[in-house]
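Visitor: In this note's numbering, the protein residues as written are 49 to 166. Here a beta-carbon is modelled for each residue, glycine too, at the ideal position from N, C-alpha and C. All figures in this text were calculated on a predicted structure; none of them were measured in a lab.
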């Protein structure tokens, strides 16, 4: 379901690009919040599946989440200047849509792969 939620967020981004945070600003932000929470719970379940001892679960979960957050910040620090530099280029909106469609395709593939146990 995590892969499907990624496809959903990208799909809404592709078809509502001009209104990314406007078309029901609250609904978009609420969806992003709950998908983030859903993803975090999925990762917590993964930690449970790899049999981390109960006395180390909270510290492992905290360390894992801090690591994920750190690398997300690194990606933003790298991507933001690039996005900022190219945001006014004529090809930029089309590039974002193509990149989003690629992410949708990968997410749907991962969803089907997991559902079908390929």
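Suppose you measure from the CA of residue 50 to the CA of residue 88; what does that come to, to the nearest Å?
Guide: By one-based count along the chain shown, residue 50 stands at place 2. By one-based count along the chain shown, residue 88 stands at place 40. The straight-line gap from Cα to Cα measures roughly 10 Å.
Visitor: Taking Cβ positions, are residue 80 and residue 155 nearer each other than 8 Å?
Guide: The residue labelled residue 80 in the question sits at position 32 within the chain shown. The residue labelled residue 155 in the question sits at position 107 within the chain shown. Not closer than 8 Å, so no.
Visitor: Does DSSP put residue 137 in a helix, in a strand, or in coil?
Guide: Looking up residue 137 in the chain shown gives position 89. Note: residue 137 maps to coil in three-state DSSP.
Visitor: Which whole-angstrom value is the C-beta distance of residue 95 and residue 109, which I expect to be below 8 Å?
Guide: Translated into positions along the chain shown, residue 95 becomes position 47. Translated into positions along the chain shown, residue 109 becomes position 61. Between residue 109 and residue 95 the Cβ distance is about 6 Å, and since that is below 8 Å, they are a contact.
Visitor: Using the rule of at least 16 other Cβ atoms within 10 Å of the residue's Cβ for burial, across every protein chain shown, is residue 148 buried or exposed?
Guide: The residue given as residue 148 occupies position 100 in the chain shown. Counting Cβ neighbours within 10 Å, residue 148 comes out buried, since at least 16 surround it.
Visitor: For residue 151, which residues of its own chain have a beta-carbon under 6 Å away from its beta-carbon, when the five flanking residues on both sides are left out?
Guide: As a first step, residue 151 is located in the chain shown; it is residue number 103 there, counting from the start. Correct list, in chain order: 58.
Visitor: Short of 7 Å in beta carbon distance, which residues of its chain neighbour residue 92, apart from the five on each side in sequence? Order them along the chain.
Guide: Against the chain shown, residue 92 aligns to sequence position 44. 109, listed in sequence order.
Visitor: Figure out for me which residue from 145, 160, 161 and 77 has the closest Cα to the Cα of residue 61.
Guide: Reading the chain shown from its first residue, position 13 is the one you call residue 61. Residue 61 has its Cα closest to that of 145, out of 145, 160, 161 and 77.
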